[in-house]
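Numbering (the UniProt record's numbering), first residue to last: 1 to 109. Every residue gets a Cβ at the ideal spot worked out from N, C-alpha and C, and that includes glycine. The block underneath contains the structure these notes are about, expressed in structure tokens.
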């Protein structure tokens with residue numbers, strides 16, 4: 001059985017990787033290193049969603065944000081992130097444009 005200190009240590013490391021824009025490494029850490037129990041934590045699901053968002057995998061990001069709302073219907077962060085996904089989808093798919101990827105103040109289309 002994994003200890004929560006072990007899981008939290010990997011979460012902290014994954015969060016740092018995310019902030020350092022090492023998105024794929026953060027996602028691997030969250031999905032494979034933290035373990036099955038950690039994926040049931042709200043903060044882990046939020047960060048997994050953010051990683052998928054940064055990688056342009058909006059459907060997967062939305063899936064994790066919705067899982068958070070299934071666990072905590074009042075979670076403000078998940079609600080805000082889903083709202084942002086909706087804005088981006090409407091804005092950039094309205095006329096067949098590609099959806100941009102935002103990386104530290106830059107927008108890649």
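Close-in-space but distant-in-sequence residues of the same chain around residue 68 (CB under 7 Å, 5 per side omitted) = For the purposes of this step, residue 68 is taken as the residue at position 68 of the chain shown. Taken in chain order, the residues that qualify are 42, 45, 46, 75, 78.
Verify whether the separation of the beta carbon atoms of residue 64 and residue 49 is less than 7 Å.
-> What you label residue 64 is simply residue 64 of the chain shown in a count that begins at 1. What you label residue 49 is simply residue 49 of the chain shown in a count that begins at 1. For residue 64 and residue 49, yes; Cβs fall inside 7 Å.
Go ahead and pull the three-state DSSP assignment for residue 47.
-> Residue 47 sits at position 47 when you count from the first residue of the chain shown. Of the three classes helix, strand and coil, the one that applies to residue 47 here is helix, per DSSP.
Residues near residue 81 in its chain [Cβ-Cβ closer than 6 Å; skip 5 each side] = Taking the chain shown and counting its residues from 1, the one referred to as residue 81 is at position 81. Contacts found: 65.
Looking at the structure shown, is residue 85 part of a helix, part of a strand, or coil, going by DSSP?
-> Here the question's residue 85 lines up with position 85 in the chain shown. Note: residue 85 maps to helix in three-state DSSP.
Simplified DSSP assignment, three categories, for residue 60 = Counting from 1 along the chain shown, the entry for residue 60 is found at position 60. Helix at residue 60.
In three-state terms, what does DSSP make of residue 41?
-> Residue mapping note: residue 41 aligns to position 41 of the chain shown, counting from 1. Residue state, collapsed to three classes: coil.
Apart from the five residues on each side of it in sequence, which residues of its chain come closer than 8 Å, Cβ to Cβ, to residue 72?
-> The count along the chain shown starts at 1 and reaches residue 72 at position 72. The answer, listed in chain order, is 42, 78.
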